[in-house]
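With our numbering, the residue at position 126 of the sequence shown is 270, and numbering never jumps. Where a beta carbon is used, it is the ideal one built from N, C-alpha and C, also for glycine.
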Amino acid sequence: MADTAIAAPIMGSRRILGMSRPVFALTALGLLALVSIVCFMTIGAKGSWSFVIPFRGRKVLALCLVAYSVAVSTVLFQTVTNNRILTPSIMGFDALYVLLKTSIVFFLGAGALAGIDPQIQFGVEIVVMVVFSGLLFRWLFLGEERSLTLLVLVGIVFGILFRSLSQFMQRMLDPNAFQVLQDSFFASFGTIDTTLLLLSSAIIVVASVVALRIGHTFDVLSLGRAQAINLGVPYQRTVVIILMLVSVMVAVSTALVGPITFFGLLVASLAHSLVGTSRHRYVLPAAALLAITCLVGGQTILERIFAFDTALSIIIEFLGGIVFIILVLRRSAR
145 MADTAIAAPI MGSRRILGMS RPVFALTALG LLALVSIVCF MTIGAKGSWS FVIPFRGRKV
205 LALCLVAYSV AVSTVLFQTV TNNRILTPSI MGFDALYVLL KTSIVFFLGA GALAGIDPQI
265 QFGVEIVVMV VFSGLLFRWL FLGEERSLTL LVLVGIVFGI LFRSLSQFMQ RMLDPNAFQV
325 LQDSFFASFG TIDTTLLLLS SAIIVVASVV ALRIGHTFDV LSLGRAQAIN LGVPYQRTVV
385 IILMLVSVMV AVSTALVGPI TFFGLLVASL AHSLVGTSRH RYVLPAAALL AITCLVGGQT
445 ILERIFAFDT ALSIIIEFLG GIVFIILVLR RSAR
């Protein structure tokens, strides 16, 4: 029954160039992502290709890792919460990241940000964010069913707590130390530490394999808690696994580039609109391809074509914030 209900939007959709709407959307998005990558690798390239390809290739891989992590974690989080407005970042991850960076500078000094081994710092950030999110999500979703208001309220409360602690420590910092610290408060897609790619790739691959093994439950979970239990899904166990996967992916993307609040919401909402169905076999790859196109294509346009110094994250967060407001207004209108 569940499969029939979920598949209904696909069977009723019109065909484009002999393909169903979801397949056509995935094909178009795949081509766009490929074009974005090729343009990033070739436009403005000078010198030996033996240097250009590895140098730019590492940047492309980093952007793709971040895009994939943000897109997949957002879609899965919305599946568990059964709400398309919420994202993991709204639950206070950005404030926790700022608190971690501030604590390092406050207790160890400004030179610690550059002095500490990047892989050690990366690992600590991931562990702290995963532990925090695991405890928070477990309390929110494994007991009685919580309301949207409570979810947002808890995220806001933790965000305020972390920001208050951060601001308290920042007020006592030396101005030079604060200036060094402030650079890490904003997402930067152009200065990703490529030495962390191997570790990040390994973590994301393992998380993806685990997600693939339980992928058959995603569509059922999107029907709601009661329906999923009635259809035989081990709800508590499955939700714990998904939330931990979300935590790991968000932690990796945040540790690589910094806090990203609305980017996941932007690509997840566009993916649902483009594929015209809620089936995860189409939504997940569509969201990932959209995210890759936005990051790689946007970075190509800003860096290679217009030579702008404007951070891509500013534009993405602005557009994502607009999408968030639109979704909230639509929900209120209902």
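Three-state secondary structure (DSSP) at residue i?
i    : result
M316 : coil
I248 : helix
S213 : helix
R228 : coil
Measuring CB to CB, does residue i end up less than 8 Å from residue j?
i    : j    : result
V392 : A351 : yes
M273 : A395 : yes
V354 : V204 : no
S144 : V214 : Any question about residue 144 goes unanswered here, given that the chain covers just 145 to 478.
L309 : L243 : yes
L471 : S413 : yes
K245 : L325 : yes
V419 : P166 : yes
In terms of residues, what are the limits of the alpha helix (DSSP H) holding residue i?
i    : result
N374 : 369-374
P429 : 424-436
S332 : Note, S332: premise wrong, no alpha helix (DSSP H); not H, not E.
D363 : 362-365
M393 : 379-401
G408 : 407-419
I347 : 341-357
M185 : 165-186
G259 : 255-259
For residue i, which of the options has the nearest alpha-carbon?
i    : options                : result
L257 : S328, A215, T421, F221 : S328
H360 : I347, L343, A370, G376 : G376
L170 : V427, S180, G259, I460 : V427
V349 : G255, L389, I248       : L389
N226 : F237, A177, G303, R369 : R369
R425 : V216, D261, V196       : V216
V179 : G464, A206, F462, I436 : I436
L207 : F462, G465, L400, G464 : L400
Where residue i and residue j are concerned, what is the direct C-alpha to C-alpha distance, given to the nearest angstrom?
i    : j    : result
R448 : G442 : 10 Å
G201 : L340 : 14 Å
F199 : A172 : 28 Å
V467 : L446 : 22 Å
V383 : A415 : 23 Å
F312 : F250 : 10 Å
I358 : L230 : 22 Å
D337 : L473 : 38 Å
I481 : G188 : Residue 481 falls outside the range modelled here, since the chain spans only 145 to 478, and no answer is possible.
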